[in-house]
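In our numbering, the protein residues as written are 406 to 574.
Structure (structure tokens):
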């Protein structure tokens, strides 16, 4: 497996293990081509596409264009020699669902919003609250395990930059 594929696989695995729970509250809605539905007015991310946001935030930093990694509003981008970062805009699951799946996560804040941080052997994920049932996941997976200590500061930086783009509460 090439290094790029390995990094992308690690990023996908990290987002997949932190982005889902077995029980989701809310009303299911069909996804259109993996993009958020602007018809759902309760969606705080209406009109925001994770890959477009990630590409905007990664601009000029040496990351490859983002790759939509699922039918959900998630994206990952690789940077040769560093690893990959990822972004998930989840209009259904809040921090409680993240904590349930990641009980060892620690409480932090992102620009004043409640957040959780989960570091693991694959990197680091920052989940921050948008509403009780909506969250953003900002993730960093390092291509070299010995650089894993850099993952959480990089994920937190990404989370802060994403938060600045969201409507204020």
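All C-beta atoms in this analysis are idealised placements derived from N, C-alpha and C, irrespective of residue type, glycine included.
Check: What number of angstroms, rounded off, separates the C-alpha of residue 551 from the C-alpha of residue 483?
Finding: Here residue 551 refers to the residue found at position 146 when the chain shown is read from its first residue. Here residue 483 refers to the residue found at position 78 when the chain shown is read from its first residue. So the two alpha carbons sit approximately 18 Å from each other.
Check: Using 8 Å as the Cβ pair cut-off and three pairs as the minimum, do the stretch 556-572 and the stretch 528-541 touch?
Finding: Taking a contact to require three or more Cβ pairs closer than 8 Å, the stretch 556-572 and the stretch 528-541 qualify as touching.
Margin query: Going by beta-carbon coordinates alone, are residue 553 and residue 547 separated by less than 7 Å?
Written below: For this step, residue 553 is matched to residue 148 along the chain shown. For this step, residue 547 is matched to residue 142 along the chain shown. Their beta carbons are under 7 Å apart, which means residue 553 touches residue 547 by this criterion.
Next item on the list: State yes or no: is the C-beta of residue 518 nearer than 6 Å to some heavy atom of the ligand MG?
Entry: Absence of the ligand MG is noted for the structure shown, with no ligands found whatsoever.
Margin query: Within 10 Å of its beta-carbon, does residue 509 have 16 or more other beta-carbons around it, so buried, or fewer, so exposed?
Written below: Your numbering for residue 509 matches position 104 in the chain shown. Burial call: exposed.
Notebook entry, point to check: Are the Cβ atoms of residue 480 and residue 469 separated by less than 7 Å?
Noted result: Start at 1 with the first residue of the chain shown, and residue 480 comes out as number 75. Start at 1 with the first residue of the chain shown, and residue 469 comes out as number 64. At a Cβ-Cβ threshold of 7 Å, residue 480 and residue 469 do not count as neighbours.
Notebook entry, point to check: So, are the CB atoms of residue 538 and residue 488 less than 7 Å apart?
Noted result: On the chain shown, residue 538 is found 133 positions in, with the first residue counted as 1. On the chain shown, residue 488 is found 83 positions in, with the first residue counted as 1. The Cβ atoms of residue 538 and residue 488 do not sit closer than 7 Å to each other.
Item checked: Sequence-distant residues of its chain with Cβ nearer than 8 Å to residue 447 (five each side left out) -> For the purposes of this step, residue 447 is taken as the residue at position 42 of the chain shown. Scanning its chain for C-beta atoms nearer than 8 Å, with the 5 sequence neighbours on each side dropped, one finds around residue 447 the residues 496, in chain order.
Check: Rounded to whole angstroms, how far is the Cβ of residue 450 from the Cβ of residue 492, which I believe are closer than 8 Å?
Finding: Taking the chain shown and counting its residues from 1, the one referred to as residue 450 is at position 45. Taking the chain shown and counting its residues from 1, the one referred to as residue 492 is at position 87. Taking C-beta atoms under 8 Å as the contact rule, residue 450 and residue 492 fail to qualify, at a distance of about 11 Å.
Item checked: Runs of alpha helix (DSSP H) lying entirely within the stretch 489-533, each at least 4 residues, in chain order -> Every unbroken stretch of the alpha helix (DSSP H) spanning 4 or more residues and falling wholly within the stretch 489-533 is given here in chain order: 500-506.
Item checked: residue 478 vs residue 502 beta-carbon contact at 7 Å -> The residue you call residue 478 lines up with position 73 of the chain shown. The residue you call residue 502 lines up with position 97 of the chain shown. No, they are not a contact pair.
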